[in-house]
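Visitor:
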Amino acid sequence: MAEILIKNGFVIDPTRKIDGDVADVAIKDGKIVDTVSSAAKVIDAKGKVVMAGGVDVHAHVAGPKVNVGRLFRPEDKLFKSPMAQKNGYRMESGFSVPSTFKTGYDYARMGYAFVMEAAMPPLFTAHVHEEIHDTPIIDEAALPVFGNNWFVMDYLKKGEIENTAAYIAWLIRVTKGFGIKVVNPGGTAAWSWGLNCLSLDDPVPYFEITPREIIIGLMKANEYLGLPHSMHIHQNNLGNPGNYAITLDSLKLAEGIKPKNKFGREQVMHSTHLQFHSYGGDSWANFESKAKEVMDYVNQNKGITVDLGCVTLDETTTMTADGPFEHHLNHLNHLKWCNVDVELETAAGVVPYVYDKNIKVCGIQWAVGLELGLYATDPNRTFVSTDHPNAGPFIRYPRIIKWLMSKKAREATLDTFKYKDKVIDATNIHSMDRELTLYEIAQMTRSGPAKCLGLSNIYGGLAPGMNADVGVFDLNYKNMPSDPEMIEKAFLRAACFIKSGEIVVRDGEVLGHGHKNTIWVNVKMPENPQVMRDITQSFTKDYTVGLSNYPVRDYLAPHPFVIDVDVEA
Amino acid sequence: MATVTLKPTKTPTIMFEAFNITPDAFAGKTPAQIAALEGREGKIKVTIGDFFEVSGSPGATAAETDIVIAGDCSRVKYIGNKMTAGSITVNGNADMYVGGWMKGGKIHVKGNVHSFCGIGMEGGDILIDGKAENYVGCAYRGDWRGMKDGTIRIKGSAGNDIGTFMLGGTIIIENNAFIHVSTHAEGGTVIIKGDVEGRVGGQMVKGDIYILGKVQYMLPGFKKIEVVEKEVDGVKGTFDHYIGDLGERHPKSKGKEIFANLYVKAAA
Amino acid sequence: MPKLITQVGCPYCGSSCDDIEVLVSDDGKKVLEVHNACTIGNNLFHHANDSTRPMLPRKRQPDGSMKEISYDEAVDYTAKTLLAAKKPLIFGFGSTNCEGMSAVGRVAEKAGAVLDNCASICHGPSFLAIFDNGYPSCTLGEVKNRADCVVFWGCNPMHAHPRHTSRYSIFPRGFFTQKGQMQRTIISVDPRVSDTAKLADIHYMLNQGHDYELFDAFRTVLRGHDIPDEVAGIKKEQILQGAEAMKKARFVMIFFGMGCTHTDGRNHNVDIAISLTRDLNTHTKASIMAMRGHYNIAGPGQVWSWQFGFPYCIDLSKGSHAHMNPGETSSVDLAMRDEVDCFVNVGTDAGAHWPIDAVKHVKKHPFITIDPNFCMASEISDLHIPVRIAGVDEGGVVYRMDNVPIQFKAVLKGLTGVPSDEELFDMIYERMCKLTLTEPIWLAALEHRKYPSVVS
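Chains as they are written, first to last, in this note's numbering: chain R, 1 to 569; chain Y, 1 to 268; chain Z, 1 to 456.
Dropping the structure here:
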C-alpha cells in the first residue's frame with residue numbers, strides 16, 4: 001500500500017489532546033506512522049480540519065429488521081435517492097433505510113470508519129453477516145441481543161453469573177458478535193405473549209425474573225468476561241411520557257459494578273438513544289424534557305456512557321427489538337406495522353414514522369436530543385447518534401453537529417415549528433447558549449465512542465500505530481463559517497476520506513471500495529459442560545434449526561478482525 | 001396559450017418512458033430543444049425526437065403551454081408525469097402513468113389508458129374518453145398517502161383498485177368497474193355510474209363512494225342506515241346510505257366515530 | 001465407508017427442514033439413503049444421482065437442434081446477449097442459494113435488466129400487502145412453542161409443505177404446547193375438503209373467491225358489530241364461533257397460501273388478513289405468515305431488498321435508480337406487453353409455470369435457461385447452462401418461509417466442471433466488464449466465494 005501525507009491541516013485529535021494544531025498526518029501500509037518517505041502521495045489539507053474516521057456506536061444498518069424496513073417501504077425509495085454516486089459504483093437506493101451499498105458509501109462520504117450494528121438477533125446471524133458483507137468500505141461489528149434470551153433469563157433467575165457468562169461467550173463466538181446488547185429487558189420476552197415490562201420490577205411471564213435482575217446480571221456477566229464493550233442497553237418503557245424516572249433507576253443499577261477489562265474501557269453500562277428515555281409529564285398533553293435531570297446524573301457517573309438518539313425531523317422508519325413498543329407506536333400512528341418474534345431469543349418491530357415539525361411532541365423530542373448533548377460535561381462519554389433510522393437517518397449526523405455547534409442553527413429550526421412557544425415551554429433548548437467546539441464534536445464522534453467500545457487502540461485517534469482512517473473536512477478551524485449550513489455541508493461530504501490507508505472519498509465522491517473488516521470478539525473460556533448440555537437440549541426440543549447450522553460460517557465474514565478475550569477460569 | 005404538437009413517427013419497440021412530455025419540461029423551449037428532451041427505452045437513453053416530430057412552440061411557462069399529441073401513444077408511459085399546469089391532449093390511446101403525481105393542469109386522452117392513471121395525484125384534471133385499466137387514482141406501492149386532490153373522469157369502464165389509499169379529490173367512472181373501490185381510503189369521493197362486482201370500501205376509514213349501478217357483492221362490514229335523496233354528478237336519485245367499513249378502525253370526532261359513506265342507488 | 005451427513009437442509013419447500021440425514025457413497029458422488037425427508041425432498045436428493053444430468057451448456061443451432069458448447073462460449077453468449085438487449089428480464093431463483101442471488105444482482109445491474117423471482121407468480125401479492133399494511137409475524141419456533149389456534153387460509157400444507165404440520169404447526173409438542181395437537185384449535189379456510197381441512201376443528205368451506213368478504217366479516221365481528229346471516233357462503237353462527245376461538249386463544253397463528261394470493265383481489269386478501277392479525281393483537285397475541293413455496297424463495301426477497309431496496313420486480317434499466325411497481329415491472333406483465341427483449345430463466349421453469357401466451361412473447365427474443373436439470377424452459381431455450389444443485393451439491397445460505405437464514409450444506413461433490421450459480425454469474429459479470437472495458441466491483445464477493453464444497 002502506498003504512503004500518504006496529509007499536510008498542513010488543522011489536526012483535531014482528542015486522544016492526544018491536540019486541538020487544531022497545524023500538523024501533518026503520515027500514513028503507511030494502512031496505519032498512521034510518524035514519518036513517510038518523499039514518495040508519499042501528498043494531500044493538501046491547508047485550511048481544513050483533519051480528524052480520525054468517525055465511529056458510530058449505535059446504528060441499525062444490517063440484518064433482518066433493517067431489511068424489513070427496506071422491503072416494506074417502497075415509498076422510501078420513490079423519487080428519493082439523495083447523494084447517489086454518478087457511475088461506476090453499485091446502485092444506491094433508499095432514504096431512511098438505505099441499501100447496503102448506499103449505507104457504506106454514505107458513511108464514507110461523511111468520513112466514518114466504523115459502525116456498530118446495534119441489534120443482531122442470534123438466529124438471524126447469517127443474515128446480518130451477509131448484509132455486512134455487502135456494505136462497502138466501512139468496518140462493522142454487530143451486537144447480539146441478550147436481554148430476553150431464555151438461557152440468560154433462566155441462568156440469571158438462578159443467580160448463575162458464570163453459566164450466563166459461558167453461554168454469552170459461546171453465543172458471541174458462534175455469531176461472530178461483539179458484545180452484549182439488551183433491549184427492553186424482559187419486556188420483549190413478555191411481548192411473546194402480547195405483554196410488556198414497563199417497570200424494573202415487572203416480572204417476565206413464566207420466567208419470573210425482573211428487568212432489574214436481568215440488567216444487573218448482564219452487567220456482571222459482561223465484566224466477568226472482560227469484554228471490550230460494556231453492556232449496551234435500550235431501557236424499558238422507551239418513548240413514553242414520564243419515562244425519565246425508570247431511566248434514572250436503570251442508570252443507577254450501574255453504581256455497584258466495576259469495569260474489568262484490558263481494553264481501556266471505563267464504563268459498565270452504555271445507555272443508548274437516551275433522547276427516547278428522557279421524557280417528563282404523564283401524557284402527551286404535558287409531555288416535556290427531562291434532559292437536564294438525566295444528564296445531571298450521567299455527568300456525575302463515570303460508569304455510564306450514552307448516545308443521544310437525536311430526532312432529525314424527517315420521515316423515517318422506526319425499528320427495534322422492542323417489539324411491544326412498535327406495537328404501541330402503531331396504535332398511535334396507524335401506519336403499517338411489521339413484527340418478528342424470534343424463538344427463544346428476541347423480537348423486533350418496524351413502523352414508519354413522520355417526525356413532523358408541525359407536531360408539538362416531535363418538536364420537544366428534537367429539543368431533548370440536543371439538550372442531552374449540550375448538558376454533557378464529558379463529551380468523551382456522550383456520543384452523537386440518531387439511533388439510525390429510528391430518530392432519523394444517519395446522513396443527518398452533520399445536521400446534528402450543526403445544531404450542537406450553533407445556537408443560530410437551533411433557533412432557525414425552532415422558528416419553523418408550528419408550536420414553537422409550546423416547545424420552548426416544555427424544554428430548555430431556547431435558553432441554552434452553549435455551542436460545542438470541533439474538539440468536543442471529535443470527542444463525541446471519534447475518541448469517545450472508540451473508547452467506549454474498547455477499540456481506542458484502533459479507531460478514534462491519529463496516533464502512530466492506529467488504523468489510517470482519516471477524514472479531511474472543509475472547515476477553517478481558525479475562521480469558522482458564520483453560516484451554520486456550511487458546517488453540515490462540510491461533514492456531509494468529506495473533502496477527503498482515507499480508510500485503512502486508501503483514499504476512498506475525494507470532494508464528497510466515492511473513489512474506491514476500500515478494505516472493509518468485520519470485527520468480532522472471540523471469547524476464550526474453558527468449556528462449561530452444563531451450559532453445552534443445556535444448549536444441545538434446547539436445540540433438540542425448542543428451536544426449529546439444527547445446532548450445527550447455527551454458528552455462522554467463516555466464509556460469510558471474509559475479512560475478519562478478531563479480538564481475542566481470554567477469560568481466566 | 002401556445003401549442004406544441006407531437007406527431008408520432010415511430011412506435012417504440014420497448015416502451016418509451018416519456019417523463020418529459022409535460023408542459024413544465026416544454027415551457028420556454030424551441031421545438032429542437034423539446035425534441036432533444038430525454039426519455040428512456042429500456043436501458044437506452046432516447047429523446048422525444050426519436051419518436052415524435054415536434055412542431056409549434058410552447059409558452060414561456062407551463063401554464064401557457066398546451067401539448068397536443070396527434071396520434072397513438074399506446075407504447076408511451078408517463079405522459080404528464082408530475083405536471084403542474086398547462087394541458088396535454090392525446091388524440092389516441094396512452095399507456096401507463098398518465099398524469100402520475102400530477103399537481104395541476106389538464107390532461108385529456110381521447111382513447112384508452114392503461115394502469116396507474118393519476119397515481120399519487122395531487123391536483124389538476126384528467127379526462128379519459130375511453131376506458132382505463134387498473135389502479136386509477138391509486139397510491140404508489142406502500143404509500144399511505146394516495147390521491148390528495150384533483151379530478152379524474154373515465155368515460156368508459158375501469159378495472160380494479162380505484163382510489164386505493166385515497167385522501168381527497170374525486171374519481172368518476174362513467175361505466176362499470178371491477179373490484180376494490182376506495183380500499184384503505186381516508187377521504188375523497190369516488191363515483192361509479194355503472195355496476196361494480198364487489199369489495200367496495202374495504203378497510204375504508206373515511207370518504208365517500210357513490211354507486212349508481214349495482215353492487216353484486218356487498219361487504220359485510222357495511223351497514224345500511226338510511227335512504228337519502230342525492231344529486232351525484234348531475235344525476236338525481238334515491239340512494240341507500242351505508243356506513244363502514246365497520247371492521248376497520250375509525251377516528252373519533254367529539255366522541256363519535258366517523259365512518260366512511262357508501263351510497264348505492266336504490267332499486268327503482 | 002459411506003458417510004452419514006446429518007442436519008442437512010432440504011431443497012424442496014419453504015419449510016426448509018434442516019434435520020435431514022443423507023447417507024453418501026464413499027467417493028462423495030452418490031446419495032445412497034435419505035432419512036427424515038418427505039417423499040418429495042427424498043426424491044430431490046436422489047435426482048442428483050441421475051447419470052443423464054447435463055454437464056455442459058447446450059446451444060440451439062440454426063437447424064433447431066441443441067449442441068453442447070463450452071462454458072466459455074456460453075458465458076460469452078450470455079454476456080453479449082445481456083449487453084445487447086434494451087431491457088433484459090432475469091427471472092426465477094426458486095432453487096438458488098443466496099450467494100447466487102447476490103451475484104446475479106451484479107449482473108442485472110450491469111445489464112440494466114429487470115430482476116424478478118418466482119414470487120412474481122406466487123407470493124408477489126403478499127409483498128404488495130406487506131408494503132401496504134405491514135407483516136406482524138414470527139419465526140416458526142414461536143408457532144411450535146406457543147400457538148394454540150392455527151388458521152390455514154387458502155393453503156394445504158399436508159400436500160404442499162408435507163412436514164410443516166409435524167415440525168411447526170399442528171402436531172409438535174412445544175415449550176408451552178406440551179400436548180401438541182390436543183392443545184391446538186385448527187381452522188381451515190378452503191373451498192375444497194383438502195387433507196389439511198380434514199385435520200381441522202373448524203373448516204370454512206367458503207365460496208371460491210370470496211375470502212375478502214369473510215375476512216371483513218371476522219373483523220366486523222371482532223369490533224362488536226353485527227354481520228349478515230351469511231357471508232361468502234358461511235353462516236353467521238360459524239363465523240362467530242371462529243372469531244371467539246381466535247379471541248380466546250393465547251397465540252393465534254394465521255398461515256395463508258395461494259388461495260389468498262391468486263384469487264380475485266389477490267394482495268387485498270392478504271392485506272385484510274394482516275388487518276385481522278393486527279386487530280387480534282388487541283385481544284390476544286397473533287401472528288401471520290405466508291406459506292412460501294420453495295426452500296429459498298424468501299431469499300431473493302431478502303438479498304435484493306438489501307441490495308436494491310425491493311424484494312422483486314426490480315427494474316434496473318434506468319441506471320440511476322431501481323424502480324419497482326408490480327403490474328408494470330412484474331415478469332408476466334412485462335412479457336405480455338412486449339416490454340423485454342431478452343429472457344434469462346434461472347433455477348425455475350417458466351416454460352411450465354408461466355401462462356403460455358407470456359412464454360410465446362419472451363420466446364420472440366433470446367431465451368437463456370440456467371438450471372441444473374432439463375426442464376420445459378431448457379428445451380425451448382436458445383441456450384441452456386447447467387449449474388450445481390443448490391442444497392445438494394452446493395451449499396449456501398437459504399431463507400426459510402419465516403425469513404430465518406439457514407446455512408445449507410452440500411452433501412455431494414459437484415459434477416466436474418459444472419459451476420455453482422454464483423460462480424457462473426461471476427463469470428458472466430467478469431465477461432460483461434471485459435466487453436465494456438470496465439472494472440468489476442466485487443466488494444468482498446471474490447473472497448466470499450471460497451465456499452468449502454463439502455461440509456461434514
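Positions of the beta carbon are idealized from the N, C-alpha and C atoms, including for glycine.
Go ahead and label residue 55 of chain Z buried or exposed: buried means 16 or more other beta carbons lie within 10 angstroms of its beta carbon, across all protein chains shown.
Guide: Looking up residue 55 of chain Z in the third sequence gives position 55. Answer is exposed; the Cβ neighbour count stays below 16.
Visitor: Alpha carbon to alpha carbon, what distance is there between residue 182 of chain R and residue 143 of chain Y?
Guide: For the purposes of this step, residue 143 of chain Y is taken as residue 143 along the second sequence, with counting starting at 1. For the purposes of this step, residue 182 of chain R is taken as residue 182 along the first sequence, with counting starting at 1. Straight-line Cα distance between these residues: approximately 33 Å.
Visitor: Residues in its own chain within less than 6 Å of residue 149 of chain R by CB, not counting five upstream and five downstream?
Guide: Start at 1 with the first residue of the first sequence, and residue 149 of chain R comes out as number 149. Closer than 6 Å at Cβ, skipping near neighbours: 345.
Visitor: Does DSSP put residue 450 of chain Z in a helix, a strand or coil?
Guide: The count along the third sequence starts at 1 and reaches residue 450 of chain Z at position 450. Note that residue 450 of chain Z scores 48 on pLDDT, short of 50, meaning its location in the model is unreliable and no value can be drawn from it.
Visitor: Which residues in chain A have a C-beta closer than 7 Å to the C-beta of residue 72 of chain R? List them in chain order.
Guide: Looking for chain A here will not work: the only protein chains present are R, Y and Z.
Visitor: Figure out for me which residue from Z:336, Z:349 and Z:373 has the closest Cα to the Cα of residue 357 of chain Z.
Guide: On the third sequence, position 357 is the one that residue 357 of chain Z refers to. Closest option to residue 357 of chain Z, Cα to Cα, is Z:336.
Visitor: Which chain R residues sit within Cβ distance under 8 Å of residue 287 of chain Z?
Guide: Here residue 287 of chain Z corresponds to residue number 287 of the third sequence, with the count starting at 1. Per Cβ cutoff of 8 Å: 339 and 341.
Visitor: So residue 425 of chain R and residue 407 of chain R are in contact, right, with Cβ under 8 Å, and what is the actual spacing, rounded?
Guide: Position 425 of the first sequence holds residue 425 of chain R. Position 407 of the first sequence holds residue 407 of chain R. The pair is not a contact, with the Cβ atoms about 19 Å apart (cut-off 8 Å).
Visitor: Counting only the same chain and skipping the five closest in sequence on each side, list residues whose C-beta sits under 7 Å from that of residue 500 of chain R.
Guide: Start at 1 with the first residue of the first sequence, and residue 500 of chain R comes out as number 500. Here the set comprises 30, 467, 468, 469, 514 and 515.
Visitor: In this structure, does DSSP put residue 94 of chain Y in helix, strand or coil?
Guide: Working through the second sequence from its first residue, we reach residue 94 of chain Y at position 94. DSSP places residue 94 of chain Y in strand when its eight states are reduced to three.
Visitor: Whose Cβ in chain R lies nearer than 7 Å to the Cβ of residue 249 of chain Y?
Guide: On the second sequence, residue 249 of chain Y is found 249 positions in, with the first residue counted as 1. What residue 249 of chain Y touches in chain R: 334.
Visitor: Taking Cβ-Cβ distances shorter than 8 Å, what residues in chain Y pair up with residue 317 of chain Z?
Guide: Locating residue 317 of chain Z in the third sequence gives position 317, where the first residue counts as 1. What residue 317 of chain Z touches in chain Y: 40, 42 and 43.
Visitor: At 3 residues or longer, what runs of the beta strand (DSSP E) sit wholly inside the region 129-207 of chain Y?
Guide: Those beta strand (DSSP E) runs which fall completely within the region 129-207 of chain Y and span 3+ residues are 151-154, 170-173, 177-181, 186-192 and 196-200.
Visitor: For residue 328 of chain Z, is the classification buried or exposed, using 16 other Cβ atoms within 10 angstroms of its Cβ as the cut-off for buried?
Guide: As a working mapping, residue 328 of chain Z is identified with position 328 in the third sequence. Buried: at least 16 other Cβ atoms inside 10 Å.
Visitor: Quick one: is residue 15 of chain Y near chain Z, going by C-beta distance under 9 Å?
Guide: Here residue 15 of chain Y refers to the residue found at position 15 of the second sequence. Yes, contact with chain Z.
Visitor: Jot down the residue ranges of each uninterrupted beta strand (DSSP E) in the region 132-182 of chain Z, minimum 3 residues, whole runs only, in chain order.
Guide: Segments of the beta strand (DSSP E) lying fully in the region 132-182 of chain Z: 134-138 and 149-153.
Visitor: Report the rounded CA-to-CA distance for residue 178 of chain Z versus residue 400 of chain Z, giving the unit in angstroms.
Guide: For this step, residue 178 of chain Z is matched to residue 178 along the third sequence. For this step, residue 400 of chain Z is matched to residue 400 along the third sequence. Answer to the nearest angstrom: the Cα atoms are 24 Å apart.
Visitor: Does the beta-carbon distance from residue 84 of chain Y to residue 105 of chain Y come in below 9 Å?
Guide: Indexing the second sequence from 1 puts residue 84 of chain Y at position 84. Indexing the second sequence from 1 puts residue 105 of chain Y at position 105. Cβ distance < 9 Å, so residue 84 of chain Y and residue 105 of chain Y count as in contact.
Visitor: For residue 217 of chain Z, return the contacting residues in chain Y, with the cut-off set at a CB-CB distance below 9 Å.
Guide: In the third sequence, residue 217 of chain Z corresponds to position 217, counting from 1. Going along chain Y in sequence order, the residues near residue 217 of chain Z (Cβ under 9 Å) are 219, 220, 221 and 247.
Visitor: Verify the CB distance criterion: does residue 135 of chain Y have a CB-CB separation below 9 Å to chain Z?
Guide: Locating residue 135 of chain Y in the second sequence gives position 135, where the first residue counts as 1. Yes, because at least one Cβ of chain Z sits closer than 9 Å to the Cβ of residue 135 of chain Y.
Visitor: Going by CA-CA distance only, name the one from R:332, R:240, R:70 and R:289 that's closest to residue 364 of chain R.
Guide: Position 364 of the first sequence holds residue 364 of chain R. Selected option, being the one with the closest Cα: R:289.
Visitor: Determine whether the beta carbon atoms of residue 301 of chain R and residue 255 of chain R lie at a separation below 9 Å.
Guide: Residue numbering aside, residue 301 of chain R sits at position 301 when the first sequence is read from its first letter. Residue numbering aside, residue 255 of chain R sits at position 255 when the first sequence is read from its first letter. Contact flag set, yes.
Visitor: Would you call the region 376-395 of chain R and the region 51-69 of chain R in contact, with 3 or more CB pairs under 8 Å?
Guide: They touch, by the three-pair rule.
Visitor: Would you mind stating whether residue 52 of chain R and residue 2 of chain R have Cβ atoms separated by less than 9 Å?
Guide: Looking up residue 52 of chain R in the first sequence gives position 52. Looking up residue 2 of chain R in the first sequence gives position 2. Taking 9 Å as the Cβ cut-off, residue 52 of chain R and residue 2 of chain R do not qualify as a contacting pair.
Visitor: Following the continuous alpha helix (DSSP H) through residue 460 of chain Z, name the residue where it begins and the one where it ends.
Guide: Because chain Z in this structure spans residues 1 to 456, residue 460 of chain Z falls outside the shown range and cannot be described.
Visitor: With DSSP as the reference, identify every bridge partner of residue 348 of chain R, one or two as the case may be.
Guide: To locate residue 348 of chain R, count along the first sequence from 1; it is residue 348. Paired residue(s): R:340.
Visitor: Under a CB-based cut-off of 9 Å, is residue 29 of chain Z close to chain R?
Guide: For the purposes of this step, residue 29 of chain Z is taken as the residue at position 29 of the third sequence. Not one chain R Cβ lies under 9 Å of residue 29 of chain Z.
Visitor: If contact is defined by three or more beta carbon pairs under 8 Å, each pair taking one atom from either stretch, is the region 516-526 of chain R in contact with the region 147-155 of chain Z?
Guide: No: the two stretches stay apart, fewer than three of their Cβ pairs being nearer than 8 Å.
Visitor: Within 9 Å (strictly less), CB to CB, does residue 246 of chain Z reach chain Y?
Guide: Here the question's residue 246 of chain Z lines up with position 246 in the third sequence. Cβ-Cβ to chain Y under 9 Å: no for residue 246 of chain Z.
Visitor: Identify, in the order they occur along the chain, each residue of the same chain with its Cβ nearer than 8 Å to the Cβ of residue 168 of chain Y, setting aside the five sequence neighbours on each side.
Guide: The residue given as residue 168 of chain Y occupies position 168 in the second sequence. 147, 148, 149, 187 and 188, listed in sequence order.
Visitor: Is the shortest distance between the beta-carbon of residue 453 of chain Z and the beta-carbons of chain R less than 9 Å?
Guide: Residue mapping note: residue 453 of chain Z aligns to position 453 of the third sequence, counting from 1. The predicted position of residue 453 of chain Z is uncertain, since its pLDDT is 40 and thus under 50; no value can be drawn from it.
Visitor: Using 9 Å as the limit for Cβ to Cβ distance, is residue 175 of chain Y near chain Z?
Guide: Walking along the second sequence from the start, residue 175 of chain Y turns up at place 175. It does not; no Cβ of chain Z falls within 9 Å.
Visitor: Please decide whether residue 166 of chain Y counts as near chain Z, where near means a Cβ-Cβ distance under 9 Å.
Guide: Position 166 of the second sequence, counting from 1, holds the residue named residue 166 of chain Y. Cβ-Cβ to chain Z under 9 Å: no for residue 166 of chain Y.
Visitor: Kindly indicate if chain Z contains any beta-carbon less than 9 Å away from that of residue 188 of chain R.
Guide: Sequence index remark: in the first sequence, residue 188 of chain R carries index 188 (1-based). Chain Z, which has no Cβ nearer than 9 Å to the Cβ of residue 188 of chain R, makes this no.
Visitor: Quick one: what's residue 80 of chain Z bridged to in DSSP?
Guide: Here residue 80 of chain Z refers to the residue found at position 80 of the third sequence. Looking at the DSSP assignment, residue 80 of chain Z forms no beta bridge with any residue, so it has no partner.
Visitor: Taking just the CA atoms, how far does residue 302 of chain Z sit from residue 403 of chain Z?
Guide: Taking the first residue of the third sequence as 1, we reach residue 403 of chain Z at position 403. Taking the first residue of the third sequence as 1, we reach residue 302 of chain Z at position 302. If I take the Cα positions, the gap works out to 8 Å.
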